[in-house]
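Contents: one structure, followed by commentary.
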Amino acid sequence: MHITPRDVGWIEVIVGSMFSGKTEELIRRLRLARIAKQKVQVFKPGIDSRYSKGEIVSHDDTSLESISVNSSREILEKLRPDADVVGIDEGQFFDRCLPEVCEAMAGRGVRVIVAALDQDYKGQPFGPAPGLMTVAEYVTKQLAICTVCGNPANRSQRISGGASQVQVGAADSYEARCRKCFRPFVVEQTELEMPSE
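Just so it is clear: in the sequence shown, position 79 is 79 by the working numbering, and no numbers are missing.
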């Protein structure tokens with residue numbers, strides 16, 4: 001349990017691997033804010049249309065209405081002046097200005113809650129997640145269950161796809177893995193070769 005600030009904004013970051021329940025936890029916190037009669041606004045990156053364009057959706061099909069945006073600055077443009085709480089899903093897909101945007105909202109007295117992958121498919125820091133964690137008052141690290149051995153998992157194992165850092169996917173492309181079972185994804189040489197004309 002932590003002390004909740006009064007009369008000031010703050011930033012909460014929920015990080016972890018794929019299938020660790022980040023979005024589910026984000027939705028839980030936002031629903032509690034609504035029960036407390038707070039005005040909630042939710043954003044997600046336009047690139048993430050796996051389940052819905054107008055909702056954030058967890059892998060277990062829990063959802064909440066959201067606004068799709070193409071940049072972190074667009075969040076500030078679409079922010080309602082009466083918003084008490086702002087939720088942001090898939091923070092890793094935003095540009096590196098996201099920590100600055102979150103700081104600006106917290107500076108206005110808004111509680112900002114961001115869910116993001118902290119590592120990419122290579123196990124490296126992902127997008128603005130490290131910057132968000134440094135400016136946040138609260139950081140929650142979610143763990144999944146390793147699909148290979150059942151240990152706590154903190155890595156996202158890519159099991160199909162290309163070499164691009166950003167590849168939106170779900171169980172068809174990723175598995176949760178522990179440190180021992182994680183193997184950085186290697187693109188086969190034939191996938192890297194250009195098709196002949």
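Positions of the beta carbon are idealized from the N, C-alpha and C atoms, including for glycine. What you are looking at is a predicted structure, and each value in this text was computed from that prediction instead of being measured.
Could you pull out every residue in the same chain whose Cβ sits closer than 7 Å to the Cβ of residue i, ignoring the five residues on either side in sequence?
i   : result
K44 : I56, S66, S68, D89 and E90
R73 : C97 and V101
Output yes or no for whether 8 Å exceeds the beta carbon distance between residue i and residue j.
i    : j    : result
S160 : S17  : no
P99  : L132 : yes
A129 : Q92  : yes
How many angstroms separate the CA atom of residue i from the CA atom of residue j?
i    : j    : result
E103 : I11  : 8 Å
K39  : P81  : 10 Å
G21  : A33  : 18 Å
G87  : T140 : 15 Å
E212 : R183 : Lying before the first or after the last residue shown, residue 212 is absent from the chain, which here runs from 1 to 197.
D7   : G109 : 7 Å
G9   : F185 : 39 Å
R179 : S173 : 19 Å
K78  : V85  : 14 Å
N70  : F94  : 8 Å
G123 : T23  : 20 Å
I113 : F19  : 18 Å
T4   : Y138 : 10 Å
Q189 : R29  : Below a pLDDT of 50, predicted positions are generally treated as unreliable, and Q189, at 46, falls in that range; no measurement from the model is reported.
Given residue i, which residues of its chain have a CB within under 6 Å of its CB, disregarding the five upstream and five downstream residues?
i    : result
P181 : With the sequence shown as reference, residue 181 is identified as Cys, and Pro is not the correct amino acid for it. So the list reads C146, V148 and C149, once near-sequence residues are dropped.
G127 : Q92
L192 : Note that L192 scores 46 on pLDDT, short of 50, meaning its location in the model is unreliable and no value can be drawn from it.
Quick one: residues in its chain with C-beta nearer than 8 Å to the C-beta of residue i, no 5 flanking neighbours on either side, listed in chain order?
i    : result
P125 : D118 and Q119
R31  : L64
T134 : P99
Assign residue i to one of two classes, buried (16 or more other C-beta atoms within 10 Å of its C-beta) or exposed (fewer than that).
i   : result
I27 : buried
A83 : buried
I47 : exposed
I35 : exposed
Q41 : buried
Thinking residue i and residue j are a contact (beta carbons under 8 Å), I'd like their distance in whole angstroms, please.
i    : j    : result
V13  : A136 : 4 Å
R158 : Y121 : 4 Å
V15  : A106 : Not a contact, Cβ separation roughly 17 Å.
Does residue i come within less than 8 Å of chain D when only Cβ atoms are used?
i    : result
V112 : No chain D appears in the structure shown, which is made up of a single protein chain.
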